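Residue numbers (my numbering), protein chains in the order written: chain A, 16 to 408; chain B, 16 to 408; chain C, 16 to 408. Worksheet: the structure to be examined is printed underneath.
Okay, structure coming up:
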């Protein structure tokens, strides 16, 4: 008799806590305790833009005085969308009855009301505080009394005149900006260095650097703010490629360029922003010389960019997009059979669950700062070429 | 601490009674007590057409003898759609087994049954009575024992040889025929004259007539059949522009052309037909000289028609379509903050709720006629230029 | 007062048992007890293909040794789809971590695990047994302990050197491969010979053969394996066209070509595969001379193929596609009014319900074979020209 057929399988399920990001969900409440990137700076202009983040629809604009604003889309009066609003010096004016809202939601004009709104302080358009940093608009979408300080990221300190910081938001090295899958499955992939050996090297051809074909020694270490992975590869010349990646709670990761075009401490870090439960946008912030390209161009299989691949070439030369989106809009945890290569993934999930529990219990999660003096994120990730003797672990 | 942010908002809701139009809903039952326009006359032809009205799918055709018919789409035998039926002198023949139905649903031939259907009087295709008037097909979709007389509309009396009546069914002055939003939000906009001053004048540029930039005195008056709004504007020459609009229960409105190209009593009236809960089609019936265009051509912002505007131009020069569809497929009443400018809107809702209650209690709603002698709708709306002394109120 | 209007109709419903095909539904369990065609042979290649059958998504491929494989799409490790897998000599390798699965789901390599998977026998990719026959891939998707023998179909015995067997999978004579409707409504149409007289002859013009315009004597007979319909037409020359069609439980039917281009015993039979509850694919298997076309070309109304018809021509010259898809994604049984012409349809339903009950009670349904010696399907259908005296019934 045939065994193990697909007949009679139970209905698959996913772990809701790991994947849900909407208001009120345990994960959504954890993610809302941090400043989250919601758009590139150039998306905030005098023409209102539709933004979606953590399952919420919002309107982003920049008033004529240069201030970015992030407002709930439905006007608090009769509900017309501010997407059709008119951006002015002091804010955005609803097209329907002309109410004018500042970037903090206060109503500063009601042209059809007596005295242009003698009671207008009673009305306030729902809004979120924003912070502009290195080309990204960050928003704080959590409880107002827990708003943390926006931290300094030390790898961007002391920028030279010949340097600049750029934002790269193509998913998976040159793919679409928006990936149609849950954020957690792309995030935990950061702590799965084993797949690099298969997906990016032996199966699809060398997508990053041929040195990654060398089988590494891998270990993971928990940190108060997240976790670190070490991968050591013995190079032909007797040296060791000591590659360090880190993951910072809840949705930041620091992955030195896998093309190895940058050695030493990493020049970039990134955030996996959950657009909603089934869509993700990854923003990488990268420091570089002005006269150099960001990194090796992403090229697949027959020397094509991701967008130029035919459907069959996507099948023949899959990369991160195919592997992660290929897990479905939301991967089904009930069907997983974790193995020894999934130690990092398990640690990511354990840490995330711990932090959800802390927030649910009323506490403050790891890695948020309330004292501006302490608000520094010091990054350790990098691609290091070292002597074997210098490896302490 | 930041106040009024969008964090922690309750789930928004809408008032189901105001918006639902399907069979059995309070609003749907009220709307079904009136003759409703469901198509232009030229849509009823020898090729069956799919029609949707009040959330019901129907098939419209015109038999070879010239009679329009409106039938339930699924053949009462085995359910094939009559969209593929063959129109004949006496009705429409189902393509599957050839049953022939007259415009009143009676079955007049069953070619595969003994004696071509010796028991065919037992079968009847569900149907609705229709009435053709001035280029529109009206249907009565309510309880048969409450079917009212189709009334006369006095503004169309005594048509001269040089005159004609035309139907205009572009939403919001030149937009699409079908608007993807609930009918009630477009209907109550008729009793919101304040938005004219902003949306159609100061914000998007003058869309109708520059006289509408003058701030009006506005009042509303309830009538047994609906309500009337008066807007008085002091013109530079000492006269007053006395503009009267009316709304007739449940979904008719009489809005004199806002371009002011027609003075005196209105030459048009219109119905907001709910296609279903999230789609609306507005039919305007308009009397005019044969050698003149219906009214000033609808032109937006940079001198373009609605369809020619780019997405950004729709944002920069919004009109009724953008403001009303911009409230969403169904506006969310729980989030509204009504103000002094919403007196008319509140009256529209109150009257509609009163009529729903009357119908739910078994009564006949306002404005339906059962005696042909009394079935006259006498319209009062218009654009009147008057001496201030002649204004009685 | 008007009678029989569409006002106040009850909510329509369908008979779930007749239409549902998913795992665990009574019909789905019956259908799963038979080998079902899920693809043409040429769809199984070195590039994985997405297949959907009985509401289940699967991956079909052919390993480099020539064996077709049908696997559950999500890798049993971390759930990435095998659509991006790499086909090798021994099976298909998941793109993410390189696990290699044979066509029977066994895991034969785990490159990132110790010793390339010293515990890999613990993992098995869910799979289904397949059988390739005359150009089709059949799968057995039922309980493993009830897997029947794949039978011989006698009309394909003793193929001559100048003959071949071809697969035709266009729905309804030249339509799309996939029909957007439930399988049962297309299946029961096979036992509704009355519609031939209308749909295919008098209403749309002669679609098959003018002899079908002659009114037939029709009778139905139940058989242990399904049912047979006899249609006898008196030809002008005194002979009788004795047309025999058969339906074999649960979803096979044997319909001699209605163009009458083949006389005598049928040269073809077909299966209506439920893709899911609302999509159907019909596979016909046809024996023919190599130098002849499969049958008369399907041509509609103005001499066009189905795909070339305009929307209006589909309305004017409807065929099986329009009549069956026109019943909706799932026809609504609560609205049917069966008549004397529906005797065959009623018998189809009754037999199908009987077999569902047998399977639900733990038995084996009609027409499955467990003894290879007995596994022969002997077909009786055909277009026979006979003397009236030779008709026994």
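C-beta: ideal position from N, C-alpha, C; glycine also. Just so we're clear, the structure is a prediction, and the values are computed from it rather than from any experiment.
- When the Cα atoms are used, residue 168 of chain C and residue 302 of chain C turn out to be separated by approximately 12 Å.
- Sorting A:215, A:164 and A:221 by C-alpha distance to the C-alpha of residue 388 of chain A places A:164 at the top.
- By the 16-neighbour rule on beta-carbons within 10 angstroms, residue 79 of chain B is exposed.
- Under the rule that a run must span 3 or more residues, the beta strand (DSSP E) segments found entirely inside the segment 177-230 of chain C read 178-183.
- When C-beta atoms of the segment 123-135 of chain A are compared with those of the segment 349-358 of chain B, three or more pairs fall below 8 Å, so the two segments count as touching.
- Residue state for residue 404 of chain B is assigned as helix, using DSSP reduced to three classes.
- Per DSSP, reduced to three states, the secondary structure at residue 356 of chain B is helical.
- What residue 196 of chain B touches in chain C, judged by beta-carbon distance under 9 Å, is nothing: the nearest beta carbon there is about 26 Å away.
- In the DSSP annotation of this structure, the continuous segment of the beta strand (DSSP E) that includes residue 241 of chain B starts and ends at 241-249.
- Against chain B, the beta carbon of residue 17 of chain C has neighbours under 7 Å at 144, 159 and 162, listed in chain order.
- Taking the Cβ atoms as the reference, residue 285 of chain B lies roughly 4 Å from residue 299 of chain B, within the contact range of under 8 Å.
- Among the bridge pairs identified by DSSP, residue 399 of chain C is matched with C:257.
- Going by DSSP, residue 42 of chain C is part of the alpha helix (DSSP H) stretching over 41-46.
- Listed along the chain, the chain C residues whose CB falls inside 8 Å of the CB of residue 347 of chain A are 89 and 94.
- For residue 283 of chain A, the closest alpha carbon among the candidates A:394, A:28 and A:140 is that of A:394.
- Burial state of residue 375 of chain A is exposed, judged by a 10 Å Cβ sphere holding fewer than 16 other Cβ atoms.
- For the beta strand (DSSP E) assignment, the uninterrupted runs of no fewer than 3 residues enclosed by the segment 289-360 of chain A are, from N- to C-terminal side, 294-304.
- Nearest in C-alpha terms to residue 241 of chain C, of all of C:380, C:96 and C:60, is C:380.
- Boundaries cannot be given for residue 386 of chain C, as no beta strand (DSSP E) includes it and DSSP labels it neither H nor E.
- Taking a Cβ-Cβ threshold of 8 Å, the residues of chain B close to residue 338 of chain C are 95, 99, 110 and 111, in chain order.
- Of the candidates B:349, B:362 and B:404, the residue whose Cα lies closest to the Cα of residue 90 of chain A is B:349.
- Inter-segment contact for the segment 326-338 of chain B and the segment 96-105 of chain A is present: three or more beta-carbon pairs are separated by less than 8 Å.
- Straight across, the Cα-Cα distance linking residue 84 of chain B with residue 41 of chain B is about 27 Å.
- Short of 7 Å from the beta carbon of residue 289 of chain B, and not among the five residues preceding or following it, lie these beta carbons of its own chain, in chain order: 36, 46, 69, 198 and 295.
- Listed along chain C are 127, each with a C-beta nearer than 7 Å to that of residue 212 of chain A.
- Look at residue 117 of chain B here: in three-state DSSP terms it is coil, with no helix or strand label.
- Contact note: residue 120 of chain C reaches chain A through 19 and 20, using a C-beta cutoff of 8 Å and chain order.
- Residues of the segment 174-207 of chain B with a C-beta atom less than 7 Å from some C-beta of chain A do not occur.
- Between the alpha carbons of residue 378 of chain B and residue 399 of chain B lies a distance of about 37 Å.
- If you draw a 10 Å sphere on the C-beta of residue 371 of chain B, you find 16 or more other C-beta atoms in it, and that means buried.
- When secondary structure is reduced to three states using DSSP, residue 263 of chain A falls in the strand class.
- Three or more Cβ pairs closer than 8 Å define a contact, and the segment 216-231 of chain A falls short of that threshold against the segment 128-136 of chain C.
- Residue 274 of chain B is positioned such that its CB atom lies no closer than 9 Å to that of residue 345 of chain B.
- Residues of the segment 56-72 of chain B whose Cβ lies closer than 8 Å to any Cβ of chain C, in chain order: 62, 63 and 71.
- Within 10 angstroms of the beta-carbon of residue 334 of chain C lie 16 or more other beta-carbons, which makes it buried.
- For residue 138 of chain B, the neighbours in chain C by C-beta distance under 7 Å run, in chain order, 352.
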